[in-house]
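Residue numbers (our numbering), protein chains in the order written: chain A, 5 to 298; chain B, -4 to 308.
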C-alpha cells in the first residue's frame, strides 16, 4: 500500500520542487526588496534616537574651539569636528532626530486634520464639500516651499514652527486624497445599507469610511514623509528652521556651503545622511504601494 | 474656469491674512525698518504712513483694489515700486524655469524611450536605479554638489552670479548651466519613471500594440507612433502639474547661485518684513500655478477626445 502511494509522488516530486524553488526564490527576493528599506529606515531612526543614549556620543553643541576643524577619523571624533569644535557625528545624529520628528509629525498632522476634513467633505457633499475642497485647492496652489517659508519666517525659527509651516501643505494633499477615496465608497452597497439601517454620521465615518480609506492614505502619507524631510532641510538651510547652534541637516548643509572650498566634508556628511534617509523612505514607500495595490 | 475664481480669491485672502495676522507679520514691519531703538511715536507715525493702523479688512480691500487696478504699491524697504521689482526680476526666474523645464522634458523623453525599448535589459535597469537615486537627492543638495565639483574643484563654470542675455549670451548660458541642471535633474528622474512605466504598460499589455505587431509594423514605429502618443497624456499632465514644484524649487536655487530672480527677492523681502512685496510675489506665484493647472486641463481635453466627450455629456 505505502509503496504504491509513494511511487507517483516520488515521480512528480522533482518537477514540483524546481517550480516550487523558483517561486520561492522569487518570493524571497520580493520579501528582501520589501523589508530591506524598512529595516534600513528603522536602523536610521534607532541610531538617531537611541544612539546618543547608549553609545559614547559627544554633545552636539558647546564644543571647544581648540578641537575645531579636526579631520575625519580624528581620535575621539569619528567624523571630525566643525569650525566651532563640535563633533560632526553627534551633530548628524541629533540633526536626524529633528528631520525624522518633523517628517513624521507633519505627516501625522496631515493625516489627522487633512484626512478628517477630506473624509467629511466627501461624505457630506454639498456646501461642506464645496468650502473644504476650495480651501484645499487654494492651499495647494501655493508653491509648497514658498508658503512654508512665509509661515516659518513670521512665526520665528523653531522646530515646532517648522512643523506648523510644513503641515500647511501636508494637510490639503492628504485631504484631497481622502475626499476622493470617500467619494468612491459612497456608492458601495454597504454604505447605503448602513444608512438605511439608521446608522448616524459618526458611526459610518468611523466604521465604514475610515477603515476603507486608511490603507491608501497611509501609503500616500508614508511617501510624503520624504517631502516633509526635504522641506525641513530647505527651511533650515535658509536659516528659517531649527536655530543654530542646535544641529539639523539643513543648517549643517548651510555650514557646508560656507566652507565648500576648505572643508567639503562638512557638506558631504549631511548630504549623505539626507540621501540615505530619503532613499530608504522612497524605496519603502514604493514597496508599500506595490503591496497594497495587489 | 468658474472654479478658479474662488480659489484665486482664497489664495489672496490666505496670503494677506498670514502676512498680517501672524506674530511678527506687518505689526513688526515698522520695528524692523526703524531698528530696535525706535521711539513709540516714530513707530506710530510710520504705521500711519503705511496704513498699518487701519483695520484688517479695510487694508485687505485697499490691497485687493490695488491688485486689480495694477497699483501694486511700493517696497517699504527700498521705495522701489513692486511692479518695477517684478519687471526686473521675473525674466531671470522665467529663464531659469523655462530652461529647466525644457531640459527635464528632453532628457526624460530620451531616457524613457530608450529604457522602454530595452525593457528588462541592463540599460533599463540602470535607468531605473539612476532615477531612484536621483529622486533621493533634494535639488538644492544636488546644486551644492554641482558647485563643489564644477566650480570649486574643476573651475569650469561660475559658482554664482548672473549676466543678462543682453550683456552677453555666452556668459548668460555659462551662468545658467549649473542652476538649471540642479532643477532639471530631479524632475527628469521623476518624469522618466512615470513615462517609462507608462510606455512599458502600453508595449506589453495594450491590445492595439498587439494588433500593430501582428500587422507587421516595426517595433520603432509602434514605440514612437503608438505607445508614445498614448503615454504622452499622462506625461503632459505630470509636467503641467509640476510647474508649481519648479517655481517653489527656484527659490533655493536662486539663493545658492545668487541669481537676482523672484525667489531671491522673496527671501530678501521676507527678512525685511517687506509685506507688500511678499504678498504680491506670493499671489503672483500662486496664480501662475493655478493658471498652469488650468492650462494642463485644457490641453489634456484638447488632446484626448475621450475626456472632451465625457465633459460635454
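For each residue, glycine too, the CB sits at the ideal point set by N, CA and C.
### Message
Would residue 284 of chain A and residue 109 of chain A be called neighbours here (beta carbons separated by less than 8 Å)?
### Response
Position 280 of the first chain, counted from the first residue, corresponds to residue 284 of chain A. Position 105 of the first chain, counted from the first residue, corresponds to residue 109 of chain A. For residue 284 of chain A and residue 109 of chain A, no; Cβs fall outside 8 Å.
### Query
Mind checking residue 288 of chain B: buried by the 16 CB within 10 Å criterion, or exposed?
The residue given as residue 288 of chain B occupies position 293 in the second chain. Buried: at least 16 other Cβ atoms inside 10 Å.
### Query
If you compare alpha carbons, which of A/282, A/280 and A/116 is closest to residue 182 of chain A?
Walking along the first chain from the start, residue 182 of chain A turns up at place 178. It is A/116.
### Task
Give the straight-line distance between the Cα atoms of residue 264 of chain A and residue 271 of chain A, rounded to the nearest whole angstrom.
Here residue 264 of chain A corresponds to residue number 260 of the first chain, with the count starting at 1. Here residue 271 of chain A corresponds to residue number 267 of the first chain, with the count starting at 1. About 7 Å.
### Message
Under 8 Å, Cβ to Cβ, is there at least one residue of chain A near residue 90 of chain B?
### Response
By one-based count along the second chain, residue 90 of chain B stands at place 95. No, because no Cβ of chain A sits closer than 8 Å to the Cβ of residue 90 of chain B.
### Query
So is residue 292 of chain A buried or exposed if we call it buried at 16+ other beta carbons inside 10 Å?
To locate residue 292 of chain A, count along the first chain from 1; it is residue 288. Residue 292 of chain A comes out buried.
### Within-8 Å CB hit, residue 59 of chain B to chain A
For the purposes of this step, residue 59 of chain B is identified with residue 64 of the second chain, where counting begins at 1. No, no contact with chain A.
### Task
Measure the Cβ-Cβ separation of residue 237 of chain A and residue 174 of chain B and say whether it is below 8 Å.
Within the first chain, residue 237 of chain A is the residue found at index 233, counting from 1. Within the second chain, residue 174 of chain B is the residue found at index 179, counting from 1. Taking 8 Å as the cut-off, the beta carbon of residue 237 of chain A is found no closer than this to the beta carbon of residue 174 of chain B.
### Message
Would residue 246 of chain B and residue 258 of chain B be called neighbours here (beta carbons separated by less than 8 Å)?
### Response
Here the question's residue 246 of chain B lines up with position 251 in the second chain. Here the question's residue 258 of chain B lines up with position 263 in the second chain. Yes, Cβ-Cβ distance for residue 246 of chain B and residue 258 of chain B is below 8 Å.
### Query
When you compare only the Cα positions, how much space is there between residue 131 of chain B and residue 230 of chain B?
Here residue 131 of chain B corresponds to residue number 136 of the second chain, with the count starting at 1. Here residue 230 of chain B corresponds to residue number 235 of the second chain, with the count starting at 1. Distance between the alpha carbons of residue 131 of chain B and residue 230 of chain B is about 21 Å.
### Task
Starting from residue 55 of chain B, follow the alpha helix (DSSP H) in both directions and report where the run begins and ends.
Reading the second chain from its first residue, position 60 is the one you call residue 55 of chain B. Under the DSSP assignment, residue 55 of chain B falls in the alpha helix (DSSP H) whose first and last residues are 51 to 64.
### Message
For the alpha helix (DSSP H) containing residue 147 of chain B, name the first residue and the last one.
### Response
Here residue 147 of chain B refers to the residue found at position 152 of the second chain. Premise fails: residue 147 of chain B is in no alpha helix (DSSP H) and is neither H nor E.
### Query
From the beta carbon of residue 107 of chain B, is the nearest beta carbon of chain A less than 8 Å away?
What you label residue 107 of chain B is simply residue 112 of the second chain in a count that begins at 1. Judged by the 8 Å Cβ criterion, residue 107 of chain B is not in contact with chain A.
### Query
Where does residue 283 of chain B fall in DSSP's three states?
Taking the first residue of the second chain as position 1, residue 283 of chain B is located at position 288. Helix, per DSSP.
### Query
Under a CB-based cut-off of 8 Å, is residue 265 of chain A close to chain B?
For the purposes of this step, residue 265 of chain A is taken as residue 261 along the first chain, with counting starting at 1. Judged by the 8 Å Cβ criterion, residue 265 of chain A is in contact with chain B.
### Task
Give me whichever residues DSSP pairs with residue 85 of chain A in a beta bridge.
Indexing the first chain from 1 puts residue 85 of chain A at position 81. Answer is A/91, bridged to residue 85 of chain A.
### Task
Determine whether the Cβ of residue 157 of chain A lies closer than 8 Å to any Cβ atom of chain E.
Looking at the structure shown, chain E is missing, and the protein chains on hand are A and B.
### From A/25, A/206 and A/230, residue whose alpha carbon lies closest to that of residue 288 of chain A
For the purposes of this step, residue 288 of chain A is taken as residue 284 along the first chain, with counting starting at 1. Among A/25, A/206 and A/230, the Cα nearest to that of residue 288 of chain A belongs to A/230.
### Query
Where residue 7 of chain A and residue 26 of chain A are concerned, what is the direct C-alpha to C-alpha distance, given to the nearest angstrom?
Looking up residue 7 of chain A in the first chain gives position 3. Looking up residue 26 of chain A in the first chain gives position 22. Reliability of the predicted coordinates at residue 7 of chain A is poor, the pLDDT of 45 falling under 50, and the value obtained from them is presented with this limitation in mind. Each residue's Cα considered, the two are about 29 Å apart.
### Message
I want to know whether the stretch -1 to 6 of chain B touches the stretch 154 to 165 of chain B - three or more CB-CB distances under 8 Å.
### Response
no
### Task
Note down the Cα distance separating residue 162 of chain A from residue 56 of chain B, rounded to an integer number of angstroms.
Here residue 162 of chain A is taken as the residue at index 158 of the first chain, counted from 1. Here residue 56 of chain B is taken as the residue at index 61 of the second chain, counted from 1. One C-alpha to the other measures close to 33 Å.
### Sequence-distant residues of the same chain with beta carbon closer than 8 Å to residue 127 of chain A, five excluded per side
Taking the first chain and counting its residues from 1, one reaches residue 127 of chain A at position 123. Closer than 8 Å at the Cβ level, and outside the excluded window around residue 127 of chain A, lie 186, 190, 205, 208, 209 and 213.
### Message
Is the beta carbon of residue 277 of chain A closer than 8 Å to that of residue 253 of chain A?
### Response
In the first chain, the residue the question calls residue 253 of chain A occupies position 249. In the first chain, the residue the question calls residue 277 of chain A occupies position 273. Yes, the pair counts as a contact, with Cβ atoms nearer than the cut-off.
### Query
According to a CB-to-CB cut-off of less than 8 Å, which residues of the stretch 132 to 145 of chain B neighbour chain A?
Correct list: 132, 133, 135, 136, 139, 140, 142 and 143.
### Query
Using the rule of at least 16 other Cβ atoms within 10 Å of the residue's Cβ for burial, across every protein chain shown, is residue 32 of chain A buried or exposed?
As a working mapping, residue 32 of chain A is identified with position 28 in the first chain. By the 10 Å Cβ count, residue 32 of chain A comes out exposed.
### Message
Please state the DSSP three-state secondary structure of residue 7 of chain B.
### Response
In the second chain, the residue the question calls residue 7 of chain B occupies position 12. Helix.
### Near-chain A residues of the stretch 226 to 251 of chain B (beta-carbon distance less than 8 Å), N- to C-terminal order
239, 240, 242, 243, 244, 246, 247, 250 and 251
#### Entry: Which residues DSSP lists as bridging residue 76 of chain B, in chain order
Position 81 of the second chain, counted from the start, is the residue given in the question as residue 76 of chain B. In the DSSP output, where bridge partners are listed per residue, residue 76 of chain B has B/69.
### Message
Applying the 10 Å Cβ sphere with the 16-neighbour rule, what's the burial state of residue 75 of chain B?
### Response
To locate residue 75 of chain B, count along the second chain from 1; it is residue 80. Looking at its Cβ environment, which holds fewer than 16 other Cβ atoms inside 10 Å, residue 75 of chain B is exposed.
### Message
Suppose contacts are defined by Cβ-Cβ distances below 8 Å. Is residue 100 of chain B in contact with residue 109 of chain B by that definition?
### Response
As a position in the second chain, residue 100 of chain B is number 105, starting the count at 1. As a position in the second chain, residue 109 of chain B is number 114, starting the count at 1. In this structure, residue 109 of chain B does not lie closer than 8 Å to residue 100 of chain B by Cβ.
### Query
residue 243 of chain B and residue 147 of chain A: beta carbons closer than 8 Å?
Here residue 243 of chain B refers to the residue found at position 248 when the second chain is read from its first residue. Here residue 147 of chain A refers to the residue found at position 143 when the first chain is read from its first residue. Cβ atoms of residue 243 of chain B and residue 147 of chain A: closer than 8 Å.
### Task
State yes or no: is the beta carbon of residue 281 of chain B nearer than 8 Å to at least one beta carbon in chain A?
Within the second chain, numbered from 1, the residue matching residue 281 of chain B stands at position 286. Judged by the 8 Å Cβ criterion, residue 281 of chain B is in contact with chain A.
### Task
Answer yes or no: do residue 141 of chain B and residue 177 of chain B have a C-beta to C-beta separation smaller than 8 Å?
As a first step, residue 141 of chain B is located in the second chain; it is residue number 146 there, counting from the start. As a first step, residue 177 of chain B is located in the second chain; it is residue number 182 there, counting from the start. In contact: residue 141 of chain B and residue 177 of chain B (Cβ atoms closer than 8 Å).
### Query
Can you round the beta-carbon distance between residue 226 of chain A and residue 178 of chain A to whole angstroms, since I take them to be within the 8 Å contact cut?
Numbered from its first residue, the first chain carries residue 226 of chain A at position 222. Numbered from its first residue, the first chain carries residue 178 of chain A at position 174. About 11 Å; that fails the 8 Å criterion.
### Task
Would you kindly report the start and end of the unbroken alpha helix (DSSP H) that includes residue 165 of chain A?
Looking up residue 165 of chain A in the first chain gives position 161. From DSSP, the alpha helix (DSSP H) with residue 165 of chain A extends over 163 to 190.
### Query
Relative to the alpha-carbon of residue 94 of chain A, which residue among A/55, A/112 and A/70 has its alpha-carbon at the smallest distance?
As a working note, residue 94 of chain A is residue 90 in the first chain. Cα-wise, what sits closest to residue 94 of chain A is A/55.
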